[in-house]
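K.L.:
Supplied in structure tokens, the structure appears directly below.
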Amino acid sequence: MTRDQVDSKEPIPGVLKTLQERGIPHRLILPGTDEDRELTDWMNSNLGFAGSQIQWSSASHFECEEWSDESSDALEAFRRAASSIVVESLVKVTWSDGACPTVEMRLKDAVSIGGELFEASFDTYVIRESERWILELHHEGTICWGFV
78 MTRDQVDSKE PIPGVLKTLQ ERGIPHRLIL PGTDEDRELT DWMNSNLGFA GSQIQWSSAS
138 HFECEEWSDE SSDALEAFRR AASSIVVESL VKVTWSDGAC PTVEMRLKDA VSIGGELFEA
198 SFDTYVIRES ERWILELHHE GTICWGFV
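Written out as structure tokens, the structure reads:
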């Protein structure tokens with residue numbers, strides 16, 4: 078996977094505004110930093126990609142669903158996916174757009190603003206590295222999650 082820079086003057090403004098308005102604790106990992114590169118390296122070494130989509134067949138356990146409406150189908154699937162790990166866990170939310178910072182927050186908070194996260198950019202990834210868990214919302218209409 079590469080995080081390609083898309084011409085974006087203000088990446089993820091809706092997400093940042095919602096985090097601030099709701100007082101959700103979070104930490105930004107800026108693009109191009111060592112920590113950003115480490116996350117990308119982790120994804121590339123633990124996941125196979127076909128273009129921008131994860132090759133889920135290589136995961137040890139996963140589920141995939143199709144979605145047609147991000148605001149209902151994908152959000153409901155996200156809620157179900159979140160039940161597979163502790164909701165208090167810290168996760169990293171990142172996007173395929175390399176101009177977007179990664180946001181670290183609790184899983185329960187990510188679920189509560191899932192709509193904003195999914196609308197921020199094309200492909201969204203929610204990652205819990207220590208448990209080798211990842212969720213992917215792919216722009217072509219699938220949401221998958223599981224353990225790699």
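So for the sequence shown, our numbering puts the first residue at 78; every next one is plus one.
Virtual Cβ for every residue (Gly too), placed ideally from N, Cα, C.
Please name the residue in P178, E140, E193, E181 whose C-alpha comes closest to that of F224.
P.N.:
Per the Cα distances, E140.
K.L.:
For a quick check, are the C-beta atoms of E142 and A154 less than 7 Å apart?
P.N.:
Cβ atoms of E142 and A154: closer than 7 Å.
K.L.:
Per DSSP, which residues does Q130 bridge with? Please list them.
P.N.:
Looking at the DSSP assignment, Q130 forms a beta bridge with A127.
K.L.:
Residue range of the alpha helix (DSSP H) that F224 falls in?
P.N.:
Not the alpha helix (DSSP H): F224 falls in the beta strand (DSSP E), residues 219-224.
K.L.:
For L167, which option in I89, T117, I101, T95 has the closest C-alpha, if you only look at C-alpha atoms?
P.N.:
Answer by Cα proximity: I101.
K.L.:
Quick one: measure Cβ to Cβ for V203 and K185, integer angstroms, because I've assumed they're closer than 8 Å.
P.N.:
Wrong, their Cβ atoms sit about 12 Å apart, outside the cutoff.
K.L.:
If you draw a straight line from the alpha carbon of K94 to that of R104, how long is it in whole angstroms?
P.N.:
C-alpha separation (whole angstroms): 14 Å.
K.L.:
Relative to the C-alpha of A187, which residue among A136, T201, E217, L116 is closest?
P.N.:
If we check each option's Cα against that of A187, T201 comes out closest.
K.L.:
For S137 and E112, what's the separation of their Cα atoms in angstroms?
P.N.:
Using only the alpha carbons, I get a separation of about 26 Å.
K.L.:
The alpha helix (DSSP H) that contains F199, what's its start and end?
P.N.:
Counting along the chain, F199 falls outside any alpha helix (DSSP H), and DSSP gives it neither H nor E.
K.L.:
Is T117 helix, strand or coil by DSSP?
P.N.:
Correct three-state label for T117: helix.
K.L.:
For F195, collect the residues of the same chain with a Cβ closer than 7 Å to its Cβ; drop the 5 residues on either side in sequence, then sort them by chain order.
P.N.:
Around F195: E147, A151, T201, L214.
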